[in-house]
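There are 2 protein chains.
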Amino acid sequence: MRGERKDIITVSEAQLKIMPEMSELLHTRYRFLQMIDMLGPVGRRGLAENLSVGEREARKETDLLREQGLIIASHSGMRISESGKEVLEILKPLVYEWSGISVMEKQLTQKLCIQRVLIVDGDINETPSIKILLGLEAAKVLSKVAKEKEIIAVTGGSTLAAIADSVTPSDQPNNLTFIAARGGMGVDDMRLQANTIAATFAHNSGNAYRTLYLPEHLSETAYKAIIEEPMVKEMIDLYDRTDVVIHGIGSAIEMASRRNSTETEKSNLLEHGAVSEAFGYYFDESGKAVQRIQTVGIQREQVNRCKSIIAVAGGKNKAAAILSYFKQGANQTILVTDSAAAKEMLHLLK
Amino acid sequence: MRGERKDIITVSEAQLKIMPEMSELLHTRYRFLQMIDMLGPVGRRGLAENLSVGEREARKETDLLREQGLIIASHSGMRISESGKEVLEILKPLVYEWSGISVMEKQLTQKLCIQRVLIVDGDINETPSIKILLGLEAAKVLSKVAKEKEIIAVTGGSTLAAIADSVTPSDQPNNLTFIAARGGMGVDDMRLQANTIAATFAHNSGNAYRTLYLPEHLSETAYKAIIEEPMVKEMIDLYDRTDVVIHGIGSAIEMASRRNSTETEKSNLLEHGAVSEAFGYYFDESGKAVQRIQTVGIQREQVNRCKSIIAVAGGKNKAAAILSYFKQGANQTILVTDSAAAKEMLHLLK
DNA sequence: AAGTGCTGGGACAAAATTAGTCCCGTTAGT
DNA sequence: ACTAACGGGACTAATTTTGTCCCAGCACTT
Numbered sequence: 012m013r014g015e016r017k018d019i020i021t022v023s024e025a026q027l028k029i030m031p032e033m034s035e036l037l038h039t040r041y042r043f044l045q046m047i048d049m050l051g052p053v054g055r056r057g058l059a060e061n062l063s064v065g066e067r068e069a070r071k072e073t074d075l076l077r078e079q080g081l082i083i084a085s086h087s088g089m090r091i092s093e094s095g096k097e098v099l100e101i102l103k104p105l106v107y108e109w110s111g112i113s114v115m116e117k118q119l120t121q122k123l124c125i126q127r128v129l130i131v132d133g134d135i136n137e138t139p140s141i142k143i144l145l146g147l148e149a150a151k152v153l154s155k156v157a158k159e160k161e162i163i164a165v166t167g168g169s170t171l172a173a174i175a176d177s178v179t180p181s182d183q184p185n186n187l188t189f190i191a192a193r194g195g196m197g198v199d200d201m202r203l204q205a206n207t208i209a210a211t212f213a214h215n216s217g218n219a220y221r222t223l224y225l226p227e228h229l230s231e232t233a234y235k236a237i238i239e240e241p242m243v244k245e246m247i248d249l250y251d252r253t254d255v256v257i258h259g260i261g262s263a264i265e266m267a268s269r270r271n272s273t274e275t276e277k278s279n280l281l282e283h284g285a286v287s288e289a290f291g292y293y294f295d296e297s298g299k300a301v302q303r304i305q306t307v308g309i310q311r312e313q314v315n316r317c318k319s320i321i322a323v324a325g326g327k328n329k330a331a332a333i334l335s336y337f338k339q340g341a342n343q344t345i346l347v348t349d350s351a352a353a354k355e356m357l358h359l360l361k
Numbered sequence: 012m013r014g015e016r017k018d019i020i021t022v023s024e025a026q027l028k029i030m031p032e033m034s035e036l037l038h039t040r041y042r043f044l045q046m047i048d049m050l051g052p053v054g055r056r057g058l059a060e061n062l063s064v065g066e067r068e069a070r071k072e073t074d075l076l077r078e079q080g081l082i083i084a085s086h087s088g089m090r091i092s093e094s095g096k097e098v099l100e101i102l103k104p105l106v107y108e109w110s111g112i113s114v115m116e117k118q119l120t121q122k123l124c125i126q127r128v129l130i131v132d133g134d135i136n137e138t139p140s141i142k143i144l145l146g147l148e149a150a151k152v153l154s155k156v157a158k159e160k161e162i163i164a165v166t167g168g169s170t171l172a173a174i175a176d177s178v179t180p181s182d183q184p185n186n187l188t189f190i191a192a193r194g195g196m197g198v199d200d201m202r203l204q205a206n207t208i209a210a211t212f213a214h215n216s217g218n219a220y221r222t223l224y225l226p227e228h229l230s231e232t233a234y235k236a237i238i239e240e241p242m243v244k245e246m247i248d249l250y251d252r253t254d255v256v257i258h259g260i261g262s263a264i265e266m267a268s269r270r271n272s273t274e275t276e277k278s279n280l281l282e283h284g285a286v287s288e289a290f291g292y293y294f295d296e297s298g299k300a301v302q303r304i305q306t307v308g309i310q311r312e313q314v315n316r317c318k319s320i321i322a323v324a325g326g327k328n329k330a331a332a333i334l335s336y337f338k339q340g341a342n343q344t345i346l347v348t349d350s351a352a353a354k355e356m357l358h359l360l361k
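Sequence lines, in order, name chains A and B. Position 105 (the first sequence) corresponds to 116 in this note's numbering; numbering is contiguous. Position 244 (the second sequence) corresponds to 255 in this note's numbering; numbering is contiguous.
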């Protein structure tokens, strides 16, 4: 018909045309409602802090949400109502459309050449509480891809820990086995180690798990000796039969600092141009594995042989790392990230 | 599932829950856009007057609409853009839903026991320009119900005149014949007489018409004599073959005043409790025809025999009259009215 | 060819709304 | 019994919105 102009098709696009302020308004309110949902009974001040807004604005919005019956105020705080939950669920696609998350998801899926990109709204650094959302989203993906009696390998890190906390029994198929994708992580916080997280996954979903505690940075001889142990061999066998891997992606520098690497090791990484880290491998900008930590763990070939891979990482600072990691092909991967990382990735790609 | 609470289903309902101010906002903006569309190139001040808002508000809204590219400002005034028209069209159902017009349409259709009720937003008395909308709506209905070679009888009145103006050639089927539902209306404004309006309909749609000019208030003998005239007989024959009637509904008192009725006639009407008037018949509250003007015109039985009847009337003051008229069964009628009349009708029915 | 009545846009003070910052009585958890 | 956090009230400062002009420019009319 008409040549140049792209026709408006959907109602929501027309709404946005005639009421542009709705986009921001919806975004704000939705975040409030979502926060109240997540933080359970929460006070006005705590809410304001979590969303980085003034107390008064928090009050204004919560007043409105209460009047609309979307939240319920009590002495112990505000919590979401039944209709609030419905609204949250129904409006999600619209929020994603208007905030541009939908298009970002599509663009990144294409540019990273992976199966799917899922973005949760927010910045994991600015608003740590949205890690819960990342977790919920990842847990949802897991429940979709995992079938009965499958083996799920998980890695460590704070993000993965959050996901483990978000898993509920009803979500997941039965008879799964969770295993740590790698041995110990040295002096790291116990709660962030793969073994612990595998246990949490299993516990929260009512499934079994297998652990393997090993010291990190083994010498060549010690490594060769230990992989002959029956317990270890058994674990390596499990890696071969792993169906789903769910892992974080780390920034190489941050990772090296967290592990008590020596200065030589750090400068070694820098020399090789390491940008990202995932299950013990360090990758450079072009996606080449430039180094790996010598410990028992799932191998890259084993990962790539898996049915599904779920990668989870968020925050602007992770953007470069995520890009680097996906330079090596990982077609069957589903990435769960936040909008801050997504924006930065698209910015870096331009 | 849950017993009591009615579940939110649609996205638009959820939007309204979380952003209640959107309803009014959309309504306002939509009216602006609609007005600009109707009034063609129009200035800020004229627009403000038409919508009964301050000059500043008119300016604020038009500024926004212009920024959004929905309207185009030029030295001769503002007019709607292509995308503006699209938005107008796409958003109509939403406006109707949020302003409660949709539910009013359903309620009235049921309570009046007629085929369909179509409501245009506004008050025909406060905003005369929306008569154009009434007209457009009625013309749209006509184009849907009228088939080729059919005979359309029209009555008089300012509303019908507005409809006639809104008819365009492309709208209507070909080879229609428009006829006046009744002879002259005495001393009334020429432009509001059925004969003139039939001619306008025909002219604007590129069809034929037949007129019949007769004096009103004929004596019994004169009446009997005149209906023997070939020209008149021919017209009466047309009434028998009429397919579609499109008529206004008048308030009895106003009608009697407009026609130069004598005081006796007026008090006579009051005595009989006449409330409404349509094609020469006066009806009381219960829908009984209490009087009719003695002139050549379509008879009630002939009307009821028609395939489709389109009734058009708007304004709060017409509410009682419309209710009265539809008390006599008129199942195949489609009523086109405005929201002011609709509200009042529902109010009176409670 | 000058006049007149529109147009959109600029400017500015008054009015209304919103945001920031306290306080307070109450209540749940300790 | 105590404490910390809750929602809600109150009041001022800041911001936005609104009402009301004026203005230069363009299109009709005279």
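In this text, a Cβ means the ideal position worked out from N, Cα and C, and glycines have one as well. Here the structure is a predicted model, which is why all the values come from computation and not from measurement.
Rounded C-alpha distance that separates residue i from residue j
i         : j         : result
SER319(A) : LYS160(A) : 15 Å
ALA353(B) : GLY111(B) : 11 Å
ASP254(A) : SER169(A) : 23 Å
LEU75(B)  : PHE290(B) : 46 Å
LEU187(A) : ALA267(A) : 32 Å
ALA191(A) : PRO180(A) : 19 Å
GLU148(A) : VAL131(A) : 8 Å
VAL128(A) : ALA330(B) : 57 Å
HIS283(A) : VAL301(A) : 6 Å
GLY88(A)  : ALA209(A) : 34 Å
ILE304(A) : HIS86(A)  : 52 Å
MET356(B) : GLY146(B) : 21 Å
ILE82(A)  : ASN185(A) : 34 Å
ARG202(B) : ALA213(B) : 14 Å
GLU97(A)  : GLY51(A)  : 16 Å
Chain A contact for residue i (CB, 8 Å cutoff)
i         : result
TYR107(B) : no
TYR41(B)  : yes
LYS160(B) : no
GLN79(B)  : yes
ILE29(B)  : yes
ALA25(B)  : yes
SER94(B)  : yes
VAL22(B)  : yes
For residue i: DSSP bridge partner residues
i         : result
TYR292(A) : ALA289(A) and ARG303(A)
PHE189(A) : ILE163(A) and TYR220(A)
VAL128(B) : LEU346(B)
ALA84(A)  : MET89(A)
ILE257(B) : VAL165(B) and ILE321(B)
VAL53(A)  : MET89(A)
8 Å Cβ cutoff, residue i in contact with chain B
i         : result
ILE333(A) : no
GLN45(A)  : no
MET33(A)  : yes
SER268(A) : no
ILE264(A) : no
LEU37(A)  : yes
Within 8 Å of chain A by C-beta, residues of the region 135 to 157 of chain B in sequence order: Among the residues of the region 135 to 157 of chain B, none has a Cβ less than 8 Å away from any Cβ of chain A.
So, do the region 337 to 346 of chain A and the region 120 to 128 of chain A have three or more beta carbon pairs nearer to each other than 8 Å? Contact between the region 337 to 346 of chain A and the region 120 to 128 of chain A is present, because at least three Cβ pairs lie under 8 Å.
Below 8 Å, how does it come out for the region 37 to 44 of chain B and the region 63 to 73 of chain B: are there three or more Cβ pairs, yes or no? Touching, per the Cβ criterion.
Contacting positions in the region 287 to 301 of chain B - beta carbon closer than 9 Å to chain A: So the list is empty, because no residue satisfies the distance condition.
Sufficient close CB pairs (3 or more, under 8 Å) joining the region 248 to 263 of chain A to the region 284 to 304 of chain A: Contact holds between the region 248 to 263 of chain A and the region 284 to 304 of chain A, because three or more Cβ pairs, one in each stretch, are under 8 Å apart.
Near-chain A residues of the region 55 to 70 of chain B (beta-carbon distance less than 9 Å), N- to C-terminal order: Residues: none.
With a cut-off of 8 Å, do at least 3 Cβ pairs link the region 141 to 161 of chain A to the region 20 to 40 of chain B? Touching, no, given that fewer than three Cβ pairs across the two stretches are closer than 8 Å.
Positions along the region 99 to 123 of chain B whose CB lies within less than 7 Å of some CB in chain A: Hits within the stretch, in order: ILE101, LEU102 and LEU105.
With 8 Å as the limit, tell me which residues of the region 302 to 321 of chain A have their beta carbon closer than that to any beta carbon of chain B; keep them in chain order. The residues in question: there are none.
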